[in-house]
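Throughout the sequence shown, residue numbering follows our numbering, covering 768 to 1211 in sequence.
Every residue gets a Cβ at the ideal spot worked out from N, C-alpha and C, and that includes glycine.
Quick caveat: nothing in here was measured; it's all calculated off a predicted structure.
Heads up: the structure comes next, in structure tokens.
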Amino acid sequence: MPDLVIRQGRVLTAGKIETADVAVHGGVIVETASSLAGKFDREIDASGLLVLPGVFDAHVHFNEPGREHWEGFATGSRALAAGGGTAFIDMPLNASPPTIDRASFELKRAAGEASSVLDFALWGGLIPENLDQLEELAACGVVGFKAFMIDSGIEDFPGIDPTILRKGMKIAARLGLPVAVHAEDPTIVERRTREIRARGGKGVRDFLDSRPVESEVEAVRVALDIAGETGCSLHVVHLSCPEAIDLISTAKAEGLDVTGEVCPHHLLLNEEAMFAHGAFAKCAPPLRNEATRAAVWSRMQEGRVDCIGSDHSPAPPDMKQGADIFTMWGGIMGCQHGFLLLLDAVLDQSPDSLPEIWSHLSATPASRFGLGDRKGRIEPGYDADLILIERGVPRTIEAAELLYRHKTSPYIGEKIASRVLRSLLRGADVGLPHAHGCFLPRKI
Ligand SMILES: [Zn+2]
């Protein structure tokens, strides 16, 4: 007998949106039907609300342990919950120590279990020094290994060259895990940066010009080659240009096991946001011009990207001040609003595409990272990780509502119409004491 029913929401289930009741027992969805008879222990009236699978955000930096003063699991997971998330995968940096071996993994897992309000999985790191630790990380249950093809900006998480990437991918292929890459070509970026700095460049335009589309395309090309050669699954994070997305589509059509991620900020914002918000809108690859942003949006609508992740990457505001944009810390704080703003845009422009697009925020990342048997769908047998969305009159996002440790974001001032009225993690209201986040080990 189900112990909870969510009644008469507009429910995204089995690839379409329909008015339905969702029955839950022991935190697991047991039935969806147009109407379920009977009285249940708990009933939630969802009429007038959109009921979606919670976002499975495969790309956050919550920076704990070691840099809780930048964010931490408590504030980060609460902000993500307010933004529609019910599960996330934390990146191996910028925690200190980074997640590069069993000991650092255990520290991070304990920190997440102590204070995350959402379920979470963990990425392991792939750096030049830890090739011998990838196997122990796999045994710990990481979803895969994240590597930087360019300097990461964090001293204890160095980038890797193609030789190390090849070695790491060979090991990852043997372990049956994907490698995720930050794809920018260091030679191109370093040459451009040197030229720009030599003539005194330190403004927003200079920074944007230092990280051109070509550097992303070149790095994606290299990563695809090595993935093909080693037989390793490849995931390319935060794609920011149509050329790179097209390379991945082509490789996929040729049979390569590759997926690509885009982020709400590359879909919603163009480089003008960086002129408006400075380092609060600084990221790498950077925000692009409007034509490029629009082309990335079209690719998403054509179903040519696999995952949409926040790349929530916070830092204290004093690291984002100064006269030289190159020396200011990058990273966009966006997990509380990016997905909801994306939802607004989809509902405004092409509501029929919502089921398909929402799968890139839920079912696809969950299954890509080994959790597709229980996360990311509103279907019998899946965890009852649901968000109830109210659509209202657009309001302006204000700093005061931000749940991040530091109340800054390039989305401040944007209009938003969607609000998460309630969210359930395995059937329990997120944020209440009995609903706490669990570590999700990847099953190999
Ligand atoms: Zn990132």
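> Taking H836 as the reference, which of L1107, G1139, I856, A1082 has the closest Cα?
Replying inline: Here the closest residue by C-alpha is A1082.
>> Contact between the region 1040-1054 and the region 963-980 is defined here as three or more beta-carbon pairs at a separation below 8 Å; is this criterion met?
In response: The region 1040-1054 is in contact with the region 963-980.
>> Looking only at its chain, what residues have a beta carbon closer than 6 Å to the beta carbon of T1059, apart from the 5 residues adjacent to it on each side?
In response: Counting only Cβ-Cβ distances below 6 Å, and skipping sequence neighbours, we find C1008.
> Among E1157, N1037, V948, which has the Cα closest to the Cα of R972?
Replying inline: Taking only the C-alpha atoms, the option nearest R972 is N1037.
> According to DSSP, is S1134 helix, strand or coil?
Replying inline: Note: S1134 maps to helix in three-state DSSP.
>> If distances are taken between C-alpha atoms only, which option among I917, A870, M1086, T1017 comes closest to Q900?
In response: If we check each option's Cα against that of Q900, A870 comes out closest.
> How far does the beta strand (DSSP E) with A848 in it reach, from first residue to last?
Replying inline: No beta strand (DSSP E) contains A848, which is instead part of the alpha helix (DSSP H) from 840-849.
>> Is D1119 a contact residue of ligand 1, with contact defined as CB to any heavy atom under 7 Å?
In response: No, the beta carbon of D1119 sits no closer than 7 Å to any heavy atom of ligand 1.
> Can you tell me where the alpha helix (DSSP H) with F1106 in it begins and where it stops?
Replying inline: Per DSSP, F1106 belongs to the alpha helix (DSSP H) from 1105-1116.
> Is C907 helix, strand or coil when you go by DSSP?
Replying inline: Correct three-state label for C907: helix.
> Out of C1102, V1025, G920, which has the shortest C-alpha to C-alpha gap to V822?
Replying inline: Ranking the options by Cα distance to V822, first place goes to C1102.
> Is G891 near P859, with beta carbons less than 8 Å apart?
Replying inline: By the CB criterion at 8 Å, G891 and P859 fall inside the cutoff.
>> Tell me the residue span of the alpha helix (DSSP H) that contains R972.
In response: 971-977 is the extent of the alpha helix (DSSP H) around R972.
> Do the region 1155-1162 and the region 824-834 touch if we need at least three Cβ pairs shorter than 8 Å?
Replying inline: For the pair of segments examined, the region 1155-1162 was found not to touch the region 824-834: the number of CB pairs separated by less than 8 Å stays below three.
> Where DSSP assigns a beta bridge to K1049, which residues make up the other side?
Replying inline: Residue pairing by DSSP leaves K1049 without any beta bridge partner.
> If we call anything under 8 Å between Cβ atoms a contact, is R774 one with S814?
Replying inline: In contact: R774 and S814 (Cβ atoms closer than 8 Å).
> Assuming A881 contacts G1198 under a Cβ cut-off of 8 Å, what Cβ separation, rounded to an integer in Å, is found between them?
Replying inline: In fact, because the Cβ distance is near 15 Å, the residues do not count as touching under 8 Å.
>> Can you give me the C-alpha to C-alpha distance between P850 and L1107, rounded to a whole angstrom?
In response: In the sequence under discussion, the amino acid at residue 850 is Gly, which differs from the Pro named in the question. For G850 and L1107, the gap between their C-alpha atoms comes out near 6 Å.
> Looking only at DSSP bridge pairs, what is T853 linked to?
Replying inline: Answer is none; T853 lacks a bridge partner.
> For the region 1061-1073 against the region 1201-1210, are there 3 or more C-beta pairs whose distance is under 8 Å?
Replying inline: Because the criterion of three Cβ pairs below 8 Å is not met, the region 1061-1073 and the region 1201-1210 do not touch.
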